[in-house]
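Remarks on the structure that follows.
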Amino acid sequence: MEDYPKTLMELEKRFSTEKACQDYLFQLRWPLGFRCSPCGGDKAWSRSDGLLECGKCGFKVSAKAGTVFEGSRKPLVLWFRAIWWMTCQKNGASALGLQRILGLGSYQTAWIWLHKLRRAMVRPGQDRLTGSVQVDETFIGGVKPGKRGRGAAGKVLVLIIAQEKGKAVGRIRLRLIRDASAEILEAELLKTVEPGAKVKTDGWKGYSGLTALGYEHEVVRKTEDVGENLLPLCHRVASLIKRWLGGTHQGAVSHEHLACYLDEYTFRFNRRTSRSRGLLFYRLLQNAVGIEPTTYDGITLGVRGQKGKKHKM
Ligand SMILES: [Zn+2]
Numbered sequence: 001m002e003d004y005p006k007t008l009m010e011l012e013k014r015f016s017t018e019k020a021c022q023d024y025l026f027q028l029r030w031p032l033g034f035r036c037s038p039c040g041g042d043k044a045w046s047r048s049d050g051l052l053e054c055g056k057c058g059f060k061v062s063a064k065a066g067t068v069f070e071g072s073r074k075p076l077v078l079w080f081r082a083i084w085w086m087t088c089q090k091n092g093a094s095a096l097g098l099q100r101i102l103g104l105g106s107y108q109t110a111w112i113w114l115h116k117l118r119r120a121m122v123r124p125g126q127d128r129l130t131g132s133v134q135v136d137e138t139f140i141g142g143v144k145p146g147k148r149g150r151g152a153a154g155k156v157l158v159l160i161i162a163q164e165k166g167k168a169v170g171r172i173r174l175r176l177i178r179d180a181s182a183e184i185l186e187a188e189l190l191k192t193v194e195p196g197a198k199v200k201t202d203g204w205k206g207y208s209g210l211t212a213l214g215y216e217h218e219v220v221r222k223t224e225d226v227g228e229n230l231l232p233l234c235h236r237v238a239s240l241i242k243r244w245l246g247g248t249h250q251g252a253v254s255h256e257h258l259a260c261y262l263d264e265y266t267f268r269f270n271r272r273t274s275r276s277r278g279l280l281f282y283r284l285l286q287n288a289v290g291i292e293p294t295t296y297d298g299i300t301l302g303v304r305g306q307k308g309k310k311h312k313m
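Sequence positions in the sequence shown follow our numbering and run 1 to 313.
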């Protein structure tokens with residue numbers, strides 16, 4: 001059963017204590033009931049210090065351990081509000097906005113929180129797209145169109161995979177790629193699209209081996225230019241991403257973090273018709289307990305006004 005708050009009021013009421021948040025995380029981590037990792041025991045009791053203790057071997061586990069919250073001294077009550085707020089922002093969340101809404105002491109903390117949460121926007125073991133998909137690449141950043149198969153100055157290449165849902169876009173996958181060689185394109189497609197699916201591309205030679213990989217490959221356009229003349233659904237997605245990066249993030253996303261932003265965009269896009277914002281909150285928390293924790297050192301600052309390589313886009 002998917003059990004999550006539907007409104008801000010419900011969130012406030014339900015997660016007003018640290019204990020309530022901890023219990024919720026435990027429940028997400030063991031949806032079928034507690035299972036002790038060292039001994040396999042299935043009985044546990046919650047201690048007054050918030051830890052869960054295995055009734056068989058005495059192993060203690062904290063709600064934050066092994067999640068994106070690991071290492072954070074801030075209360076989960078605050079994290080839950082950050083997640084609610086982040087998932088409620090239809091066009092994405094800014095660090096400054098988060099800092100203000102939560103009253104966080106530093107901009108840096110807000111920035112790191114958002115990054116940690118972005119990492120939780122990709123589901124571990126994400127499923128592959130099926131049906132019919134359009135695949136194309138676009139350059140992000142810079143002004144002049146670039147040459148395919150090679151890097152262009154100040155630009156990064158993004159592979160767009162857009163599922164067809166009638167004439168509309170179904171779900172998407174976005175991948176930052178080094179170049180558009182067959183080797184890279186094939187590897188990314190195998191990770192994101194189920195063999196047997198119909199894959200529509202243009203005539204670029206990097207896609208010529210798709211039939212051999214088990215896809216029903218259809219070349220819908222003979223030309224090979226990249227950057228301007230994308231397949232229609234990919235084109236739509238590409239312009240939305242560029243507008244989003246230029247709007248919400250004011251073009252201040254650095255190359256090194258772009259992959260994370262693409263993940264955030266994918267998460268939001270694929271759930272744009274979700275009936276409840278609460279469901280997004282729930283999905284993000286589910287991922288958050290299922291992923292490897294990131295430490296501060298694992299994240300380098302790279303936004304405007306911060307240390308790191310800056311990139312205009
Ligand atoms: Zn145990």
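Idealized CB from N, CA, C, for every residue including glycine. This one's a predicted model, so the numbers in the text were calculated from it and none came from an experiment.
Between residue 134 and residue 200, the CB-CB gap stays under 7 Å. Within the model, the alpha-carbon separation for residue 124 versus residue 289 is close to 10 Å.
Each of 187, 270, 230, 247 was checked against the Cα of residue 204, and the nearest Cα belongs to 230. In the three-state reduction of the DSSP assignment, residue 8 falls in the helix class, which pools H, G and I.
The beta carbon of residue 187 sits closer than 8 Å to none of the beta carbons in its chain outside the five residues before and after it. A residue is called buried once 16 or more other Cβ atoms fall within 10 Å of its Cβ, and residue 47, having fewer, is exposed. Assignment of residue 55 by DSSP, reduced to helix, strand and coil, places it in the coil class. With a cutoff of 6 Å, residue 34 does not count as near ligand 1, since its C-beta is closer than that to no heavy atom of the ligand.
Taking each of 96, 208, 206, 176 in turn and checking the Cα distance to residue 238, the smallest one comes out for 176.
Between the segment 180-195 and the segment 270-285 there are fewer than three inter-stretch CB-CB distances shorter than 8 Å, so the stretches are not counted as touching. Contact between residue 156 and residue 258 holds, since their C-beta atoms are separated by about 6 Å, short of 8 Å.
Secondary structure of residue 273 (DSSP, three-state): coil. Taking 7 Å as the cut-off, the Cβ atoms of residue 127 and residue 160 do not count as close. For a cut-off of 8 Å, the C-beta gap from residue 196 to residue 91 is around 35 Å, too long to register as a contact.
Closest in C-alpha terms to residue 64, from the list 58, 56, 73, comes 73. Across the structure, residue 275 and residue 56 are spaced so that their CA atoms are roughly 42 Å apart. Between ligand 1 and the CB of residue 41, the shortest heavy atom gap is smaller than 6 Å. Shown here, residue 216 sits in a strand according to DSSP, grouped into three states. The residue from 141, 174, 138, 76 with its alpha-carbon nearest to that of residue 113 is 76.
Residue 84 is positioned such that its CB atom lies closer than 7 Å to that of residue 281. The C-alpha of residue 101 is placed about 25 Å away from the C-alpha of residue 254. Residue nearest to residue 242 within the set 256, 209, 262, 223 is 262 (criterion: CA-CA distance). Leaving aside the five residues that flank residue 6 on each side, the residues in its chain whose CB is nearer than 6 Å to its CB run, in chain order, 276, 278.
Closest option to residue 39, judged by alpha-carbon separation, among 70, 61, 107: 61. Residue side-chain check: residue 59 places its Cβ nearer than 6 Å to a non-hydrogen atom of ligand 1. Rounded to the nearest angstrom, the Cβ distance from residue 80 to residue 26 is 14 Å, too far for a contact under 8 Å.
Per DSSP, reduced to three states, the secondary structure at residue 171 is strand. Residues 50, 75, 76, 77 of the same chain have their beta carbon placed closer than 8 Å to that of residue 18, with the five preceding and five following residues left out of the count.
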